[in-house]
Amino acid sequence: MLQGKRILLGVSGSIAAYKTPLLVRLLVNAGAEVQVILSESAKDFVTPLTLSTVSNRPVFSAFVKNDTGEWANHVELGLWADLVLIAPTSANTLAKLAHGLCDNLLMATCLSARCAVAISPAMDLDMYAHKATQTNFEKLEKLGYKIIPAANGELASGMSGIGRMPEPDELFTYIQKHFEADAPLSGKKALVTAGPTYEAIDPVRFIGNYSSGKMGIAVAESLARKGAEVTLIHGPIAGIPIPKHIKTIAVTSSNEMLDACLKHWPESNIAVMAAAVADYRPVAVSTEKIKKTAAEMNIALIKSTDILAEMGKCKKPGQMLVGFALETENELENARKKLEKKNLDLVVLNSLRDTGAGFGYDTNRVTLLAHNTTEETALKPKTEIADDIVEKIIQLLA
Ligand code: CTP
Numbered sequence: 177m178l179q180g181k182r183i184l185l186g187v188s189g190s191i192a193a194y195k196t197p198l199l200v201r202l203l204v205n206a207g208a209e210v211q212v213i214l215s216e217s218a219k220d221f222v223t224p225l226t227l228s229t230v231s232n233r234p235v236f237s238a239f240v241k242n243d244t245g246e247w248a249n250h251v252e253l254g255l256w257a258d259l260v261l262i263a264p265t266s267a268n269t270l271a272k273l274a275h276g277l278c279d280n281l282l283m284a285t286c287l288s289a290r291c292a293v294a295i296s297p298a299m300d301l302d303m304y305a306h307k308a309t310q311t312n313f314e315k316l317e318k319l320g321y322k323i324i325p326a327a328n329g330e331l332a333s334g335m336s337g338i339g340r341m342p343e344p345d346e347l348f349t350y351i352q353k354h355f356e357a358d359a360p361l362s363g364k365k366a367l368v369t370a371g372p373t374y375e376a377i378d379p380v381r382f383i384g385n386y387s388s389g390k391m392g393i394a395v396a397e398s399l400a401r402k403g404a405e406v407t408l409i410h411g412p413i414a415g416i417p418i419p420k421h422i423k424t425i426a427v428t429s430s431n432e433m434l435d436a437c438l439k440h441w442p443e444s445n446i447a448v449m450a451a452a453v454a455d456y457r458p459v460a461v462s463t464e465k466i467k468k469t470a471a472e473m474n475i476a477l478i479k480s481t482d483i484l485a486e487m488g489k490c491k492k493p494g495q496m497l498v499g500f501a502l503e504t505e506n507e508l509e510n511a512r513k514k515l516e517k518k519n520l521d522l523v524v525l526n527s528l529r530d531t532g533a534g535f536g537y538d539t540n541r542v543t544l545l546a547h548n549t550t551e552e553t554a555l556k557p558k559t560e561i562a563d564d565i566v567e568k569i570i571q572l573l574a
């Protein structure tokens, strides 16, 4: 359930902060990505080094990273997260949240977050019971924050009562339950293709294209975050880390991609075909390196099998097939024809009109064409376009 989930853990100044490395370890072992933000006073209770070691990421604290002048982008951090959890939440941080204060990186990130923000208060029993704190809880609930009630037991002051942060395993269970409620694709198998294909000419040369694979990988990650079991069939792509929980099958040529897709399609509920498959391949592959003796040379090409169309032909009721299209004229009309002809449920039409969209860029603008709807997205990061595509798939499956 937590595979690939992005959890932003805010740690504020309370003795319970010493337990947070255990929580991070549980989350990371369950496949989640954890980004920690420490408040200044939290550093008295737990070190950034401990938390960066267990989370495998740098820990952020201030708006500017050390002496680098580089900005810790709270907007990006807020948008990155699938869940923000502040554990422990001190009385001071609680009060700041209730009033929308923004005087440190953690507060600014909470205001930028679009996902759920959960808080796990930890303080002495009288602070917890104080009217000001209880009023802050009421405000926070109204603002949509999720409050994890403090536990009853031994407190740092030596007294006993309500104010303890729940143990790491209890917080872990809370997070699991939170995501169970937000996994509409749980139990579904998804197949995604990404990247280019290389069609061999001879042992050292090939016909290929510039596809980076970024769009397909982003779709695979987004499907996994919504609970799907994802198999990514990709052509030669380099330098893009693929999360461990996504099963990968590396292929080189269009024929290899075709075989892998036809093998996995019957058992899949969803397929999103984002690969830039070479449309033509050499008729014959020379077994020896071709010498540059002739002044001119021609390579005879033959059309590659349209993998998407083949999958459309054997699509069963209930299976969802999504293709991409890149058109330069009569875009919507041609894309809609593709939807019908290839027996698709959704076409993602790439725009060539925008700088910053498509091949090699990290951003894209697309139009999502289903049988009864046409929706254009803004120009935005491919990860967000991927989320839009997956939201549309979920909508169409409902
Ligand atoms: N595709 C495929 N196998 C191929 C070629 C394309 O599976 N041999 C898939 C791509 O992954 C993508 C869609 O088909 O989802 C892209 O189609 P596109 O290349 O835009 O259009 P074509 O169908 O090739 O038609 P045209 O030549 O008119 O562009």
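Per my numbering, the sequence shown starts with residue 177, numbered consecutively.
C-beta: ideal position from N, C-alpha, C; glycine also.
Bridge partners of PHE355 according to DSSP: none are assigned.
A contact is defined here as three or more CB-CB pairs under 8 angstroms, and the region 292 to 309 meets this definition with respect to the region 326 to 344. A straight-line Cα-Cα distance of about 18 angstroms links VAL566 and HIS421. Taking THR539 as the centre and dropping the five residues before and after it, the same chain places the C-beta of GLY532, ALA533, LEU555, LYS556, PRO557, LYS558 closer than 7 angstroms to its C-beta, in chain order.
Residue pairing for HIS410: DSSP places it in a beta bridge opposite ALA370, ALA426.
Counting every other CB atom within 10 Å of its CB across the protein chains shown gives TYR386 a total below 16, marking it as exposed. The continuous alpha helix (DSSP H) containing PRO224 extends over residues 224 to 231. Taking all protein chains in view, the Cβ of SER398 is crowded by 16 or more other Cβ atoms within 10 Å, so the residue is classified as buried. Counted as a single uninterrupted DSSP element, the alpha helix (DSSP H) harbouring PRO197 occupies residues 196 to 205. These are the residues, in chain order, with a beta carbon less than 5 angstroms from any non-hydrogen atom of ligand 1: MET449, ALA451, VAL453, SER480, ASP482, ILE483, LEU484, GLY499, PHE500, ALA501, LEU502.
By the 16-neighbour rule on beta-carbons within 10 angstroms, ASN280 is buried.
For GLU507, the three-state secondary structure derived from DSSP is helix. Inclusion of LYS402 and LEU347 in the CB contact set at 8 angstroms is not warranted, their separation being larger than that value. The alpha carbon of PHE382 has as its nearest neighbour, out of LYS465, ILE418, GLU505, the alpha carbon of LYS465. GLN571: not part of any beta strand (DSSP E); member of the alpha helix (DSSP H) spanning 558 to 573, first to last residue. Judged by beta-carbon spacing, ALA238 lies beyond the 8 angstroms limit of VAL187, meaning their Cβ atoms are not closer than that value. In the displayed model, LYS420 falls within coil according to three-state DSSP, outside both helix and strand. The criterion of a C-beta distance shorter than 8 angstroms is not satisfied by LYS365 and ALA394. In the three-state scheme derived from DSSP, where H, G and I count as helix and E and B as strand, GLU486 is classed as helix. Counting the other Cβ atoms within 10 Å of the Cβ of VAL459 gives fewer than 16, which makes it exposed. Taking LEU287 as the centre and dropping the five residues before and after it, the same chain places the C-beta of GLY276, CYS278 closer than 7 angstroms to its C-beta, in chain order. Taking every protein chain shown into account, the CB of LEU273 has 16 or more other CB atoms within 10 angstroms, so this residue is buried.
Within the model, the alpha-carbon separation for GLY189 versus GLU252 is close to 24 angstroms.
Per DSSP, the beta-bridge partners of THR543 are LEU525, GLU552. For the set LEU270, ALA292, THR226, the Cα lying nearest the Cα of ALA308 is the one of LEU270. Bounds of the beta strand (DSSP E) holding GLN211 are 209 to 214. For GLU346, the three-state secondary structure derived from DSSP is helix.
Cβ contact annotation for SER527 (same chain, cutoff 6 angstroms, sequence separation greater than five): ALA533, ARG541, in chain order. Here DSSP, grouped into helix, strand and coil, assigns PHE236 to strand. Taken atom to atom, the span from the alpha-carbon of ILE324 to that of SER228 is near 25 angstroms. Assignment of PHE382 by DSSP, reduced to helix, strand and coil, places it in the strand class.
By the criterion of a C-beta distance shorter than 8 angstroms, MET496 is surrounded in its chain by ASN445, ILE446, ALA447, ASP521, LEU522, ILE569, LEU572, LEU573, once the five residues flanking it on both sides are discounted. By the Cβ neighbour-count rule, GLY180 is buried, with 16 or more other Cβ atoms within 10 Å of its own. Annotation: the region 253 to 338 contains the following complete segments of the beta strand (DSSP E) (minimum length 3 residues), in chain order: 259 to 265, 292 to 297, 327 to 330.
Here GLY411 is buried, its C-beta having at least 16 other C-beta atoms within 10 Å. Distance from ASP563 to SER462 at the Cβ level is roughly 44 angstroms; contact not present, criterion being Cβ atoms closer than 8 angstroms.
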